[in-house]
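These notes concern the structure reproduced below.
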Amino acid sequence: MKNKGVGKKKSKRNMNLLTPYVMVTPAMCFLIIFTLYPMINLIYLSFFTFKLARPDLKTWVGLLNYKFLLFVKEDFVIALKNTAVYTVAVVFFLILFAVLFAMWLEKDTKLNSFAQRAIFTPHLVAMISCGMIWSWIMDEKGLFNAVLSFFQLPGLRWLNSSATAMISIVIVSVWKSLGYYTLIVISALKSIPTEIFEAAELDNTNGFRKFFKITIPMLSPQLFFLLIVITINSFKVFDTVRTMTGGGPGNSTNVISYYIYHYVFNNNQMGIATSAGVVLMGILMIMTIFYFKAVGKKVYYQ
Amino acid sequence: MGDIVFKGINKSFGNTKVIEDLNLTIKDGEFTVLVGASGCGKTTLLRMIAGIGPATSGELLINGENITDIPPGKRDIAMVFQNYAIYPTMSVRGNIEFGLKNNKVPKKERNRLIAEISEIVGLTPYLDRKPSALSGGQRQRVALARAMVKKPSVFLMDEPLSNLDAKLRVAMRSELIELHNQLKTTFVYVTHDQVEAMSMADTIILMDHGKIQQHASPEIIYNDPNNIFTAQFIGTPPMNIIPLNEGIKLGFRPEKIKLSREITNSKFQRKCHLITREMLGSETLYKAILENETIMIKSLEAEFRMGEDVYISIEDTDLYFFAADGNRIRKGDVPDYNKLLKMVGGSWNEE
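Residue numbers (the numbering used here), protein chains in the order written: chain W, 1 to 302; chain C, 1001 to 1351.
See below:
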């Protein structure tokens, strides 16, 4: 009798110990199937060479793919550089303009609410449509050059010149997501208590110091979030390049994601593509850790 | 610094007029308390002095000089906000130092001032903490230190104690009185709490719906109210108001009532019926029915019970008369003040 009682208690305790694991199982299943497995499989596949249609005929080559990427072929390093340039430019301009626009549009007026909607609209349009429209606007006989020639200025070759193609892509990317990030900054601005600015006025604070010593620190959690999200999104940019330049002219707008796509569907070299994917993942991981370690400390949380 | 003078001040928010044609002088060096229910315009006045909520029209003078166009930072004033409004991203030191840095005070002088002020308010051990790691009372002190370190000629305080617990509030109250005694600068203090107003002020400005009801010392406000609003706002429980004939009303304070079981030879005497009794310790609060009117009685004697019939008596000097419009009728205001006294004596005295 006594032993039975103890056994019952024990099994109940085991139940209690198991409960949390049972609870998280569904979420863990999703994570394993859709995140963990593809990740590990990607790393595994990067040690082989094979064709997309025949994954069964793969040959083990060890680190040869990586050697190819980083030391033999030049195009990957170019893609890496392009991605870095693109990311730095997009992160800088997006955050700068998002803060400036947010400060401009913060006040609730009819004009501001219209302007807010207007700059948000591109976010709702499919990238493929945006690509089409901007390809026309930036065509050598397109809208921009028409405007330039109206003012008697020489036209630019925009997407057709390796000198201006990357900056053109950056312009489109910033234009497309500016409204979304501005919205985030506006809501953050509005949540700063007005008394703090009034106290600053009483403390004889000039506009410059008010912005850098109060506004920016108060926005820091949102700006940090923007920094990470925009960096990751920029590293993975694909659709803009695919629809507007196809990585050209030359390799001037070839970025990592497009490079991977190109090696899968055009060159059919899965080994190169998967190892490039691993490098991309590694860079993003390092970047994120770096951000949290270096920048995260300066972020103020309420 | 000189007196602060409001001349014909109007203020409206959108279409709502909050303050209409207000004239007021706040004396230099005094502890002035603006008191009134929420929405009476007291904070609006304070923000005008600070320069962060300008008047719609009218003039604001300090020391005879129109300061309407002077920015808040150049007015030589400091303000303590209701929710403190300390900069959450800066340390305690950073908060206190911010205004000094803006005013280009040299570093040596800054450190000296910070050390001095943080010693006074007891923040020295917390200088490097962030405000989020401080208690409510400590945050309050940061706000106070930030104001004090600027050595302003005018201190503005917008309900600075309302977020503190009762015990701390009482302690801070006497600390502020002490601070004013030391600094001898002008304090303008906004509160909705009449106890705070009475205990701290040199001068009370009682406001209602954007109008000044009475502007006087606490003693005068309590003993010689201008109107029914003042009489009922100050004092706990508020003054009893009993309607007489011809719209005239009689007022008397609950704490001035004498209770007895037998008739005494007092002139104003009335029988009433006790309906509740609250023993508060040193005092006892009774609610009573007097000729269909409910009155409150505050007495040192706790021996009377619920349901008892008792006699109340009040001295002539503790009886107040008010006209139909709510304004006070004082002794010199009417030709025959004794007629009023007789009126209550005659019609109220049963014997």
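All C-beta atoms in this analysis are idealised placements derived from N, C-alpha and C, irrespective of residue type, glycine included.
Beta-carbon proximity of residue i to residue j, cut-off 8 Å
| i | j | result |
| --- | --- | --- |
| residue 1143(C) | residue 1081(C) | yes |
| residue 1304(C) | residue 1274(C) | yes |
| residue 189(W) | residue 101(W) | no |
| residue 276(W) | residue 69(W) | yes |
| residue 1031(C) | residue 1233(C) | no |
| residue 226(W) | residue 181(W) | yes |
| residue 1145(C) | residue 1117(C) | yes |
| residue 1271(C) | residue 1320(C) | no |
| residue 169(W) | residue 241(W) | yes |
| residue 1269(C) | residue 1299(C) | no |
| residue 1245(C) | residue 1327(C) | no |
| residue 1252(C) | residue 1265(C) | no |
| residue 1242(C) | residue 1293(C) | yes |
Three-state secondary structure assigned by DSSP to residue i
| i | result |
| --- | --- |
| residue 29(W) | helix |
| residue 109(W) | coil |
| residue 1328(C) | strand |
| residue 215(W) | helix |
| residue 82(W) | helix |
| residue 1349(C) | Residue placement at residue 1349(C) is poorly supported in this model, since its pLDDT is 44, which falls under 50; the coordinates still yield a value, given next. Here residue 1349(C) sits in coil by DSSP. |
| residue 1075(C) | coil |
| residue 1(W) | Only weak support is given to the placement of residue 1(W): the predicted model assigns it a pLDDT of 44, under 50, and the value that follows is read from those uncertain coordinates. Residue state, collapsed to three classes: coil. |
| residue 1087(C) | coil |
| residue 141(W) | coil |
| residue 1320(C) | strand |
| residue 1190(C) | strand |
| residue 185(W) | helix |
| residue 152(W) | coil |
| residue 1311(C) | strand |
| residue 69(W) | helix |
| residue 1008(C) | strand |
| residue 1268(C) | strand |
| residue 1182(C) | helix |
| residue 1306(C) | coil |
| residue 1066(C) | strand |
Rounded separation between residue i and residue j - CA only
| i | j | result |
| --- | --- | --- |
| residue 1138(C) | residue 1217(C) | 31 Å |
| residue 61(W) | residue 24(W) | 38 Å |
| residue 95(W) | residue 223(W) | 7 Å |
| residue 313(W) | residue 1099(C) | Because residue 313(W) is not part of the residues shown, which for chain W are 1 to 302, the question remains open. |
| residue 232(W) | residue 270(W) | 23 Å |
| residue 1018(C) | residue 1215(C) | 19 Å |
| residue 1076(C) | residue 1095(C) | 18 Å |
| residue 1351(C) | residue 1260(C) | Unreliable positioning characterises residue 1351(C) in this predicted model, as indicated by a pLDDT of 38, which lies under 50. The coordinate reading is nonetheless provided below. If I take the Cα positions, the gap works out to 15 Å. |
| residue 1223(C) | residue 1250(C) | 15 Å |
| residue 1150(C) | residue 1051(C) | 17 Å |
| residue 1063(C) | residue 1004(C) | 7 Å |
| residue 196(W) | residue 217(W) | 12 Å |
| residue 235(W) | residue 1091(C) | 37 Å |
| residue 1061(C) | residue 1125(C) | 41 Å |
| residue 108(W) | residue 186(W) | 11 Å |
| residue 274(W) | residue 52(W) | 11 Å |
| residue 136(W) | residue 214(W) | 43 Å |
Chain W within 8 Å of residue i, Cβ atoms only
| i | result |
| --- | --- |
| residue 1074(C) | yes |
| residue 1085(C) | yes |
| residue 1077(C) | yes |
| residue 1088(C) | yes |
| residue 1081(C) | yes |
Residue-level contact to chain C via CB, residue i, 8 Å cutoff
| i | result |
| --- | --- |
| residue 106(W) | no |
| residue 261(W) | no |
| residue 291(W) | no |
| residue 44(W) | no |
| residue 300(W) | yes |
Closer than 7 Å: residue i CB and nearest the ligand NAD heavy atom
| i | result |
| --- | --- |
| residue 120(W) | As for the ligand NAD, it is missing from this structure, which has no ligand bound. |
Item to check | Residues of the segment 1090-1105 of chain C whose Cβ lies closer than 7 Å to any Cβ of chain W, in chain order | outcome: 1098, 1099, 1102, 1103
Checklist entry - Between the segment 198-226 of chain W and chain C, which residues of the former have a C-beta closer than 8 Å to a C-beta of the latter? => result 198, 199, 200, 201, 202, 203, 204, 205, 206, 209, 213, 214, 217, 218, 220
Next on the checklist: So if I threshold CB-CB distances at 8 Å, which residues from the segment 173-202 of chain W count as touching chain C?
Outcome noted: 193, 195, 196, 198, 199, 200, 201, 202
Item to check | Where the segment 1041-1053 of chain C meets chain W: residues whose CB sits under 7 Å from a CB there | outcome: 1050, 1052
Next on the checklist: Beta carbons nearer than 7 Å to chain W: which residues of the segment 1108-1130 of chain C have them?
Outcome noted: none
Item to check | chain W contacts made by the segment 1170-1190 of chain C, where a contact means CB separation under 9 Å | outcome: none
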